[in-house]
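According to the numbering used here, the sequence shown is numbered sequentially starting from 891.
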Amino acid sequence: MDRILIVTPGEKSAAGLSALIRKVSPSAELTVLTSASQARRAVLDDAFDFLVVNSPLLDDSASELCRMAALNTDTSCLLLVKEEFFEATLNECEGSGVAVVSKPVVYPVLYQSFSLLKSVKGKTDTLRHENERLRAKLEEVKLISQAKCLLIEKKGCSEEAAHHLIERRAMNSRISAKEAAGQILRIYSDN
């Protein structure tokens, strides 16, 4: 179920925008706020899948709110602007990951926008998970290399022998090579 934060300055626009978004994503959990300051706190404190901002906002720049959310969170952002400000806002938001749509917003355009945002979000989530996996692997390799260097220094063994010692400790203790390397670092760095 999608969690969508809607930020719009008035109750009338909140009702209309909520109804339109309900048509696009019937099972979504909607949260409606009327100010950028409330939205800024909500986006930073809670995990929303999408942020839909109906500009102009009364207390702050709508495009600034969207750019902040896009750059600092995993939230996908859709900014609705008046037609006369569309091109300038598009240029202002370019490269920040904010999708800009000209008002008045009609169902097909909103549906297409959400479809594109979901597609991009899926791709970025996949890349983020891969990045996290690679960081963890890099950290493991780094820890094992540090343990090897310490074994070479303290025990005077070759790199191959140090690697074998780490593997043997991991196998005998039924732990990962990373955990074995951590144990070796704790043992030999104290000496």
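Using N, Cα and C, we set each Cβ at its ideal position, and we do this for glycine too.
Helix, strand or coil for glutamate 919, going by three-state DSSP, please let me know. Along the sequence shown, read from residue 1 onward, the residue named residue 919 stands at position 29. Three-state DSSP puts glutamate 919 in a strand.
Using alpha carbons as the reference points, say which of Val943, Leu1040, Cys967 lies closest to leucine 1007. Stepping through the sequence shown from its first residue, residue 1007 is reached at position 117. Cα-wise, what sits closest to leucine 1007 is Cys967.
Which residues DSSP lists as bridging cysteine 967, in chain order: By one-based count along the sequence shown, residue 967 stands at place 77. Beta-bridge pairing links cysteine 967 to Leu941, Val988.
Can you give the Cα-Cα distance for glutamate 1020 and lysine 1013, rounded to whole angstroms? Working through the sequence shown from its first residue, we reach residue 1020 at position 130. Working through the sequence shown from its first residue, we reach residue 1013 at position 123. Cα to Cα, the separation comes out at about 11 Å.
Determine, using beta-carbon pairs with one atom in the segment 945 to 952 and one in the segment 918 to 933, whether at least three such pairs fall under 8 Å. yes
Would you mind stating whether leucine 1040 and serine 1079 have Cβ atoms separated by less than 9 Å? As a first step, residue 1040 must be located in the sequence shown, where it is residue number 150. As a first step, residue 1079 must be located in the sequence shown, where it is residue number 189. In contact: leucine 1040 and serine 1079 (Cβ atoms closer than 9 Å).
Pick helix, strand or coil for isoleucine 894, following the three-state DSSP scheme. In the sequence shown, residue 894 corresponds to position 4, counting from 1. Three-state DSSP puts isoleucine 894 in a strand.
To which residues does DSSP link lysine 993 through a beta bridge? Locating residue 993 in the sequence shown gives position 103, where the first residue counts as 1. Lys972, per the DSSP bridge assignment.
Exposure of arginine 1058, with buried meaning 16 or more beta-carbon neighbours within 10 Å: Here residue 1058 refers to the residue found at position 168 when the sequence shown is read from its first residue. Counting Cβ neighbours within 10 Å, arginine 1058 comes out exposed, since fewer than 16 surround it.
Can you say whether threonine 979 is buried or exposed, counting buried as having 16 or more other CB atoms within 10 angstroms of its CB? Taking the sequence shown and counting its residues from 1, the one referred to as residue 979 is at position 89. The residue in question, threonine 979, is buried, as its Cβ has 16 or more Cβ neighbours within 10 Å.
Cβ shell of glutamine 1036 (< 8 Å), same chain only, five flanking positions each side left out: Residue 1036 sits at position 146 when you count from the first residue of the sequence shown. Sequence-distant partners of glutamine 1036 (beyond 5 residues in either direction) whose C-beta falls short of 8 Å from its own C-beta, in its chain, are Ala1071, Leu1075.
Would you mind stating whether serine 915 and aspartate 892 have Cβ atoms separated by less than 9 Å? On the sequence shown, position 25 is the one that residue 915 refers to. On the sequence shown, position 2 is the one that residue 892 refers to. Contact flag set, yes.
Under the three-state reduction of DSSP, which class applies to serine 1035: helix, strand or coil? Sequence index remark: in the sequence shown, residue 1035 carries index 145 (1-based). DSSP places serine 1035 in helix when its eight states are reduced to three.
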